[in-house]
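Enquirer: In full-length UniProt numbering, the protein residues as written are 1 to 343.
Shown next, in the form of structure tokens:
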């Protein structure tokens, strides 16, 4: 009786195949064979003396190997650490590896001023079209592809603590998200689960920074109002802007995705924001007449009514928007226009 391919790759007492394990971990079968050959981190079982069968303990060890390499360890060191943990002698999980030792903070933290041209670059090795990127992008992409939520969150937390949120968003989070989105579009929804996982954890990280920062005592003043246009669900760039603004002492009021025109106008009149940032991810959601209406909305007491500065954010805005509607191209552009300089 012929055994089906599904049955051959199903976990059993005899272990799983190399191909099945590679798909689970988000690496290639060649990579697993190379790790076995070079670092001795191979399967406990081999059928017919040739075919690899990976047991549950083997799988756990390989998952540790992937976490360590995603954290930036060279493969040889990662293999050694994974084998030590498998033997019960490991002293720290991947989270400890991605977080640098605590050091006294200087007046100006060098990591916060790292520029893309100065950052280490690397290819992803995940099948995602990352190009030349920071080392952290490669690790984050690998963890996301294998749906390793713990490693994704550990890496995001570490990069924010090391480089600051603005740099973490511009040089790690956003490039990895774009790569996953391009892969999703070109592979027929094969990576939709990767995009969802990564987006959820990035959003959680951004909101954590916001909540931590908003609790700090600060002077009063009108907030910056952040809103997606009607029918626009993509909020992550605005979440990043809101978190960085709040971190830098500028109050931000986030209305979220797909804000109705009437609700947006009502919020402007009620709050009297210093500025309004309107996000449109695509041309189909951009609404220039609505943006102009918001820019023309006056608020305040009679005799001293004023208007808010309106910024158009996102790639959806096309062509000349006219005077009085600036369009920041990057996060640092928006921060500068909103008066939130780096501390």
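Beta carbons are placed, not taken as given, at the ideal position from N, Cα and C, and that holds for glycine. The structure displayed is predicted, hence computed values, not measured ones.
Taking the straight line between their C-alpha atoms, what separation do you get for residue 205 and residue 248?
Expert: Stepping through the chain shown from its first residue, residue 205 is reached at position 205. Stepping through the chain shown from its first residue, residue 248 is reached at position 248. Whole-angstrom Cα-Cα distance: 16 Å.
Enquirer: With distances taken from CA atoms, which of 198, 167, 225 and 287 is nearest residue 177?
Expert: Residue 177 sits at position 177 when you count from the first residue of the chain shown. With distances taken between Cα atoms, residue 177 lies closest to 198.
Enquirer: Given this structure, state the Cα-to-Cα distance separating residue 142 from residue 194, to the nearest angstrom.
Expert: As a working mapping, residue 142 is identified with position 142 in the chain shown. As a working mapping, residue 194 is identified with position 194 in the chain shown. So the two alpha carbons sit approximately 10 Å from each other.
Enquirer: Could you pull the DSSP bridge partners for residue 280 from this structure?
Expert: Stepping through the chain shown from its first residue, residue 280 is reached at position 280. BP columns for residue 280 are empty, so no partner.
Enquirer: Check the C-beta distance from residue 172 over to residue 140 and give it rounded, since I have them as a contact under 8 Å.
Expert: Numbered from its first residue, the chain shown carries residue 172 at position 172. Numbered from its first residue, the chain shown carries residue 140 at position 140. Indeed, because the Cβ distance is near 6 Å, the residues count as touching under 8 Å.
Enquirer: Where does residue 59 fall in DSSP's three states?
Expert: Counting from one through the chain shown, the residue named residue 59 turns up at place 59. Helix at residue 59.
Enquirer: In terms of residues, what are the limits of the beta strand (DSSP E) holding residue 254?
Expert: On the chain shown, position 254 is the one that residue 254 refers to. Its beta strand (DSSP E) spans residues 252-256.
Enquirer: According to DSSP, which residues form a beta bridge with residue 240?
Expert: Against the chain shown, residue 240 aligns to sequence position 240. DSSP output for residue 240 lists no bridge partner at all.
Enquirer: Roughly how many whole angstroms lie between the Cα atoms of residue 55 and residue 161?
Expert: For the purposes of this step, residue 55 is taken as the residue at position 55 of the chain shown. For the purposes of this step, residue 161 is taken as the residue at position 161 of the chain shown. Cα to Cα, the separation comes out at about 37 Å.
Enquirer: What is the C-beta distance between residue 244 and residue 165, in whole angstroms, given that I count them as a contact (C-beta under 8 Å)?
Expert: What you label residue 244 is simply residue 244 of the chain shown in a count that begins at 1. What you label residue 165 is simply residue 165 of the chain shown in a count that begins at 1. Rounded, the Cβ-Cβ distance is 5 Å, consistent with contact.
Enquirer: Under 6 Å Cβ to Cβ from residue 287, same chain only, skipping five residues before and after it: list those, please.
Expert: Within the chain shown, numbered from 1, the residue matching residue 287 stands at position 287. These residues qualify, in order along the chain: 229.
Enquirer: For the alpha helix (DSSP H) that contains residue 152, what are its first and last residues?
Expert: Taking the chain shown and counting its residues from 1, one reaches residue 152 at position 152. Counting along the chain, the alpha helix (DSSP H) containing residue 152 begins and ends at 149-163.
Enquirer: Roughly how many angstroms lie between the CA atoms of residue 68 and residue 296, to the nearest whole one?
Expert: Within the chain shown, residue 68 is the residue found at index 68, counting from 1. Within the chain shown, residue 296 is the residue found at index 296, counting from 1. Using only the alpha carbons, I get a separation of about 54 Å.
Enquirer: I need the DSSP call for residue 328, collapsed to helix, strand or coil.
Expert: For this step, residue 328 is matched to residue 328 along the chain shown. Here residue 328 sits in coil by DSSP.
Enquirer: Measure the CB-CB distance between residue 25 and residue 146 and report whether it falls below 8 Å.
Expert: Locating residue 25 in the chain shown gives position 25, where the first residue counts as 1. Locating residue 146 in the chain shown gives position 146, where the first residue counts as 1. Yes, Cβ-Cβ distance for residue 25 and residue 146 is below 8 Å.
Enquirer: Could you check how far apart the C-beta atoms of residue 344 and residue 232 are, in whole angstroms? I think they sit under 8 Å.
Expert: Residue coverage of the chain in this structure runs from 1 to 343, which leaves residue 344 outside it and unanswerable.
Enquirer: Can you tell me which of the three DSSP states residue 337 falls into?
Expert: Working through the chain shown from its first residue, we reach residue 337 at position 337. Of the three classes helix, strand and coil, the one that applies to residue 337 here is helix, per DSSP.
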